[in-house]
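Everything on this sheet refers to the single structure shown next.
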Amino acid sequence: GIQVEQSPPDLILQEGANSTLRCNFSDSVNNLQWFHQNPWGQLINLFYIPSGTKQNGRLSATTVATERYSLLYISSSQTTDSGVYFCAVVRGSGGSNYKLTFGKGTLLTVNP
Amino acid sequence: NAGVTQTPKFQVLKTGQSMTLQCAQDMNHNSMYWYRQDPGMGLRLIYYSASEGTTDKGEVPNGYNVSRLNKREFSLRLESAAPSQTSVYFCASMIDRGTGELFFGEGSRLTVL
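Order-wise, the sequence lines are chains U and W.
Counting in my numbering, the first sequence runs from 60 upward without gaps.
Counting in my numbering, the second sequence runs from -2 upward without gaps.
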């Protein structure tokens, strides 16, 4: 099956710093999402981004499908950005063949 | 807009007891999923329903049953709970398997003593 690798596994920042999280995947995908799991355990949708670039406030994401990676940029980080960031990809050719695979996540800690 | 709603949010069971986790979505999605999340193990798929009337096993189905009651609702049942089923359970839905965004419920924390 497809492999999804996220890096770095852990990241500690001071408030106000910028960061880049990476998601590499081993095969072509139908779609890709980024999620944030906050310290209370909620899984929040950040981006649905099978290709291209999107921005939402201080966060932006870029997926280069042909090179099989996606990047999540966090600018001017805040303590509320702390939590685990997951990348998830869907691969398949239709019907029951679709499979959703999650990366293991990047644990981000933003210190005040 | 409620999205995906799970109940209960917290539950404590004794070994051998049964319970059902309820999930409902109001986004007219066809596909629904149950995941469990354990420390260091990430999200693991228990069962999914690609469309109303169908259910299929995921990675870790043993000890669980599911029912796709209608297009909105997808329940997960533990017939005889075991301590190994202590976990956080997430329900999720997607417009169609392979298409669109996956949306999660807020999670249900289950402890089996």
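Quick reminder that beta carbons are idealized off the backbone N, C-alpha and C, glycines included.
Treat the numbers as computed from the prediction; the structure is a model and nothing was measured.
Give me the DSSP bridge partner(s) of residue i.
i: residue 90 of chain W; result: W:29 and W:100
i: residue 4 of chain W; result: W:19
i: residue 90 of chain U; result: U:149
i: residue 96 of chain U; result: U:102 and U:143
i: residue 64 of chain W; result: W:72
i: residue 123 of chain U; result: U:128
i: residue 65 of chain U; result: U:82
i: residue 39 of chain W; result: W:35
i: residue 158 of chain U; result: U:150
Tell me the DSSP secondary structure of residue i in three-state form.
i: residue 34 of chain W; result: strand
i: residue 72 of chain W; result: strand
i: residue 137 of chain U; result: coil
i: residue 110 of chain U; result: coil
i: residue 106 of chain W; result: strand
i: residue 12 of chain W; result: coil
i: residue 48 of chain W; result: coil
Could you tell me whether the Cβ atoms of residue i and residue j are closer together than 7 Å?
i: residue 166 of chain U; j: residue 143 of chain U; result: yes
i: residue 66 of chain W; j: residue 55 of chain W; result: no
i: residue 91 of chain U; j: residue 109 of chain U; result: yes
i: residue 98 of chain U; j: residue 138 of chain U; result: no
i: residue 123 of chain W; j: residue 89 of chain U; result: The structure shown does not extend to residue 123 of chain W, since chain W spans only -2 to 110, so no value can be given for it.
i: residue 3 of chain W; j: residue 105 of chain W; result: yes
i: residue 83 of chain W; j: residue 108 of chain W; result: yes
i: residue 64 of chain W; j: residue 19 of chain W; result: no
i: residue 69 of chain W; j: residue 21 of chain W; result: yes
i: residue 112 of chain U; j: residue 125 of chain U; result: no
i: residue 71 of chain U; j: residue 160 of chain U; result: no
i: residue 94 of chain U; j: residue 145 of chain U; result: yes
i: residue 158 of chain U; j: residue 39 of chain W; result: no
i: residue 103 of chain W; j: residue 101 of chain U; result: yes
i: residue 74 of chain W; j: residue 59 of chain W; result: no
i: residue 64 of chain U; j: residue 169 of chain U; result: no
i: residue 101 of chain W; j: residue 87 of chain W; result: yes
i: residue 128 of chain U; j: residue 77 of chain U; result: no
Kindly indicate the opening and closing residues of the beta strand (DSSP E) around residue i.
i: residue 174 of chain U; result: Because chain U in this structure spans residues 60 to 171, residue 174 of chain U falls outside the shown range and cannot be described.
i: residue 76 of chain U; result: Run containing residue 76 of chain U: none; DSSP gives neither H nor E here.
i: residue 61 of chain U; result: Per DSSP, residue 61 of chain U belongs to no beta strand (DSSP E) and is neither H nor E.
i: residue 79 of chain W; result: Here residue 79 of chain W belongs to no beta strand (DSSP E), and DSSP marks it neither H nor E.
i: residue 57 of chain W; result: Note, residue 57 of chain W: premise wrong, no beta strand (DSSP E); not H, not E.
Inspect the CB distances between the region 48 to 58 of chain W and the region 25 to 36 of chain W and report whether three or more fall short of 8 Å. yes
If we count Cβ pairs, one from each stretch, closer than 8 Å, do we get three or more for the region 65 to 81 of chain W versus the region 122 to 140 of chain U? no
Any contact of the region 4 to 21 of chain W with the region 114 to 122 of chain U, i.e. 3+ C-beta pairs under 8 Å? no
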